[in-house]
Every structure is written in structure tokens, then in C-alpha cells.
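Chemist: Got a structure here, written out as C-alpha cells. Questions coming.
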Amino acid sequence: GEEVTVVVDGGLDNPIRQVVPELKNDEQILNAELHFTLFKSKYEKTYATQEEHDYRFRVFEANLRRAKRNQLLDPSAVHGVTQFSDLTPKEFRRSYLGLKRGFRLPTDTKEAPILPTSE
Amino acid sequence: LPTDFDWREQGAVTPVKNQGMCGSCWSFSATGALEGAHFLATKELVSLSEQQLVDCDHECDPAQANSCDSGCSGGLMNNAFEYALKAGGLMKEEDYPYTGRDHSVCNFDKSKIAASVSNFSVVSADEDQIAANLIKHGPLAIAINAMWMQTYIGGVSCPYVCSKSQDHGVLLVGFGESGYAPIRLKEKPYWIIKNSWGKMWGEHGYYKICRGRHNICGMDTMVSTVAAVQITPQ
Chain A
7 GEEVTVVVDG
17 GLDNPIRQVV
27 PELKNDEQIL
37 NAELHFTLFK
47 SKYEKTYATQ
57 EEHDYRFRVF
67 EANLRRAKRN
77 QLLDPSAVHG
87 VTQFSDLTPK
97 EFRRSYLGLK
107 RGFRLPTDTK
117 EAPILPTSE
Chain B
207 LPTDFDWREQ
217 GAVTPVKNQG
227 MCGSCWSFSA
237 TGALEGAHFL
247 ATKELVSLSE
257 QQLVDCDHEC
267 DPAQANSCDS
277 GCSGGLMNNA
287 FEYALKAGGL
297 MKEEDYPYTG
307 RDHSVCNFDK
317 SKIAASVSNF
327 SVVSADEDQI
337 AANLIKHGPL
347 AIAINAMWMQ
357 TYIGGVSCPY
367 VCSKSQDHGV
377 LLVGFGESGY
387 APIRLKEKPY
397 WIIKNSWGKM
407 WGEHGYYKIC
417 RGRHNICGMD
427 TMVSTVAAVQ
437 ITPQ
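Taken in order, these protein sequences are the chains called A and B.
Residues in the first sequence are numbered from 7 upward in steps of one, following the working numbering.
Residues in the second sequence are numbered from 207 upward in steps of one, following the working numbering.
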């Protein structure tokens, strides 16, 4: 019952990275909401309507689960909440990448000469 | 080959930039490589204009239909080098600032060219050759699959499974022998990659991915190096 104040310091020098701990089900919702609050503050995210906000929260929850899975499958890195955590993978690819896909290197481009790599 | 090398320590890499909500990664990868090449040729580090490529570069690979560079809808670094070769070079960032939007008129001013391409080539998909070309020619434009980068915060990424279908263009600036692995499973040799999503992403804008896993996430098979014109001081 005691009051909890959450100080959000989203700055770059904040050593606390938003990683995703293991939690039981009901705590997960609370935890996701807390993470989402931190996320919106750190990346100054605002949404035009309540519907959009609720939709983005659901996408955010799905990305929390993805980050947790990525952490298991890529243990030597740290995975968690980034500025893209309210985007579906498709939105992320469409808006923040940009390499034309499915193309190989041009056939007429010069090959770099083989360089010595020992001694 | 040394065990560690980092062009940032040599002053050949400009600060991390941010492409914003625009599929222009290819232009950041291309300018990053030319910035490094220009530094090697002149010892001068100049931030070059991605917006010039977004607005003015519609170069295609004649052998591949639909491969033309198209601003925020995507492009290819080798097309960008070809464009820069034909146009005479790139302007400074400050003379042609980035807006992150396309369909604007091309405002290229030939009298304000800051760096020019003399030639560019593709590097074989051998990791030692990639390291050797990195050291000899400066930062390299590479393509990679970005699937694991959406949730990446730090450390050395070395996913067990990663698609080799490249969808992102970035800049290879160095490599190291053993990266800090938070769970300390094993120290891993890694590549240092400059991304274009701002300093708040990843390790202050950088991505580390393990070395030695041939073509992990497709990063070995679209590697280009560019050489800048030696601008003789007047």
C-alpha cells in the first residue's frame, strides 16, 4: 500500500537498460505497463487516440516477448526495449531499413584484388 | 591481420546519424564509406550529404530490373557509388542537409562537391579479405539482415539462426578480438558496425556482431569498398 514513485531517467547515460526479466503471468501485465510507461517517456512517444495507444501497447507487449525470445537465442548480446518496440516487424522493416531486397552485387563491378593477410 | 582495428580511433568516421522514418539506409552506408575514403585520401573528415543521394540518385543496375535507387523506398550502395562517380561527387551535409523525406527536387550544386569517387569494387566474401580491405581502404559499405536489430541493446550479437537475405545497409568500421558478452558465455571476436538509427540505439548507435561465423545474417556477400579522388592541395 505504500506509495511508489518511479523516477524515469531515459537519458543516454542511464546505465539501467530496459531488459526483460522472467516474470509470472499477472506480473507480466503490470511489468509490461511499467515498461511501456518508461518507453513512452524515454523516446517521447505520443499517440493520437486511445485506440492507437492501446494498439501500440499490444504491439509493445508482443515485442517484449520477442526480445525475451531473442535473448534466449542470442545470449551473447543484450536484447530488450528499443525505440522500435512499438512497431510490428513489418512496420520496422518498411520504415527503417531501405536496402533493395533480392538483388545481388552488380556483375560489372570490379572485384577488389586479393590482399595478403598473413605475415 | 591485427586482432583489433577501429577506424573511429583514426578519426575516419563521422558521428552516428539518423535516417528517421525513411528507407534510406543505403545512402548512409554509401556516404559513410566515401567519408572514410575521402579521409584516407585527404586526411580531412567531412560529413557528406545523404539527401543528395535521396533526391538526385536514381541510378540503376542495368543488369537487374527494378534495381534503381529510389530515395526513401530503398536503394543499393553500389548504385550510389556509380551515381557519385557520374555526378562528380557528393556535397557536404551542411550544404545539402538531410530531411528524411523524398520526392523533393534535386538541389545538387556541382560547384559545392566535397568528395569524389575515383573507383569502387566488391570484396570477396572471405572474412580475412574483408578485414584486410577494411584496413587498407577504410570503412566498408555492407548489407545485412536486420531482423535481430529491432530488439538489440548491446553486446555481441551472434544468433543461432539468422536469415542471409539482406534488408539493411550499414557501415563496417572495425573489428575486435573479444567482445563483452553480458552473460559471459564466451568471449567472441566481433565486427563493429555503424548504423543510422541515432545514438540512442544499440551501443551508442553501433552494432557488434560476431566474426568467424561465415556470412552471418548475410553480412559477407555484399561488401563494397570505394576509393576517393586524391584532391591535390592547391
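Even glycine gets a Cβ: it sits at the ideal position worked out from N, Cα and C.
Since we're looking at a predicted model, the values are computed, not measured.
1) Under 9 Å Cβ-Cβ, which residues of chain B neighbour ASP60/A?
2) So ALA352/B and ASP426/B are supposed to be a Cβ contact under 8 Å. How far apart are they, rounded?
3) Consider the Cβ of TRP213/B: report whether some Cβ of chain A lies at a distance smaller than 7 Å.
4) Starting from LEU346/B, follow the beta strand (DSSP E) in both directions and report where the run begins and ends.
5) In its own chain, which residues sit with a C-beta less than 7 Å from the C-beta of VAL10/A, not counting the 5 before and 5 after it?
6) For GLU50/A, go through chain B and note every residue whose CB falls closer than 8 Å to its CB, in chain order.
7) LYS292/B: buried (16+ other C-beta within 10 angstroms of its C-beta) or exposed?
8) Cα separation between GLY281/B and THR220/B?
9) Measure how close the beta-carbons of TYR289/B and GLU265/B come, nearest whole angstrom, since I'm counting them as under 8 Å.
10) Listing by chain order, which chain B residues have their CB less than 8 Å from the CB of ALA118/A?
11) Compute the Euclidean distance between the alpha carbons of LYS116/A and ILE336/B, then round it to the nearest angstrom.
12) Where do the ends of the beta strand (DSSP E) carrying TYR304/B lie?
13) Do the region 409–425 of chain B and the region 238–249 of chain B meet, that is, are 3 or more Cβ pairs less than 8 Å apart?
14) Since ALA73/A meets chain B, which of its residues come closer than 8 Å, beta carbon to beta carbon?
15) Do we get a CB-CB distance below 7 Å when we pair SER310/B with the residues of chain A?
16) Suppose you measure from the CA of ASP114/A to the CA of HIS374/B; what does that come to, to the nearest Å?
17) What do you get for SER384/B, buried or exposed, if any count of 16 or more other CB atoms within 10 angstroms of its CB means buried?
18) Just to confirm the assignment, what range does the beta strand (DSSP E) spanning PRO395/B have?
Modeler: This is what the structure gives:
1) Taking the first residue of the first sequence as 1, we reach residue 60/A at position 54. Residues of chain B passing the Cβ test: none, with the nearest at roughly 21 Å.
2) What you label residue 352/B is simply residue 146 of the second sequence in a count that begins at 1. What you label residue 426/B is simply residue 220 of the second sequence in a count that begins at 1. 16 Å between Cβ atoms; not a contact.
3) Position 7 of the second sequence, counting from 1, holds the residue named residue 213/B. When Cβ-Cβ separations below 7 Å define contact, TRP213/B makes no contact with chain A.
4) As a working mapping, residue 346/B is identified with position 140 in the second sequence. Where LEU346/B is concerned, the enclosing beta strand (DSSP E) starts and stops at 346–350.
5) Taking the first sequence and counting its residues from 1, one reaches residue 10/A at position 4. Unreliable positioning characterises VAL10/A in this predicted model, as indicated by a pLDDT of 46, which lies under 50. The coordinate reading is nonetheless provided below. Cβ-Cβ distances below 7 Å link VAL10/A to nothing in the same chain once the five nearest sequence neighbours on each side are left out.
6) Working through the first sequence from its first residue, we reach residue 50/A at position 44. By Cβ distance, chain B contributes nothing, its closest Cβ being about 11 Å from GLU50/A, past 8 Å.
7) Along the second sequence, read from residue 1 onward, the residue named residue 292/B stands at position 86. Around the beta carbon of LYS292/B, a 10 Å sphere encloses fewer than 16 other beta carbons of the protein chains shown; the residue is thus reported as exposed.
8) Stepping through the second sequence from its first residue, residue 281/B is reached at position 75. Stepping through the second sequence from its first residue, residue 220/B is reached at position 14. C-alpha separation (whole angstroms): 22 Å.
9) On the second sequence, residue 289/B is found 83 positions in, with the first residue counted as 1. On the second sequence, residue 265/B is found 59 positions in, with the first residue counted as 1. Indeed they touch by this definition, with Cβ atoms about 4 Å apart.
10) Locating residue 118/A in the first sequence gives position 112, counting from the first residue. Within chain B, the residues near ALA118/A are SER327, VAL328, VAL329, SER330, GLN335, ASN339, HIS343 and THR431.
11) Walking along the first sequence from the start, residue 116/A turns up at place 110. Walking along the second sequence from the start, residue 336/B turns up at place 130. Cα to Cα, LYS116/A sits roughly 15 Å from ILE336/B.
12) Translated into positions along the second sequence, residue 304/B becomes position 98. It is not in any beta strand (DSSP E) - TYR304/B carries neither H nor E in the DSSP assignment.
13) Taking a cut-off of 8 Å on C-beta distances, the region 409–425 of chain B does not touch the region 238–249 of chain B, as fewer than three cross pairs fall below it.
14) If you number the first sequence from 1, residue 73/A lands on position 67. Those are THR357, listed as they occur along chain B.
15) To locate residue 310/B, count along the second sequence from 1; it is residue 104. It does not: the Cβ of SER310/B has no partner Cβ on chain A nearer than 7 Å.
16) For the purposes of this step, residue 114/A is taken as residue 108 along the first sequence, with counting starting at 1. For the purposes of this step, residue 374/B is taken as residue 168 along the second sequence, with counting starting at 1. Within the model, the alpha-carbon separation for ASP114/A versus HIS374/B is close to 22 Å.
17) Here the question's residue 384/B lines up with position 178 in the second sequence. Counting Cβ neighbours within 10 Å, SER384/B comes out exposed, since fewer than 16 surround it.
18) As a working mapping, residue 395/B is identified with position 189 in the second sequence. Run containing PRO395/B: 394–400, per the beta strand (DSSP E) assignment.
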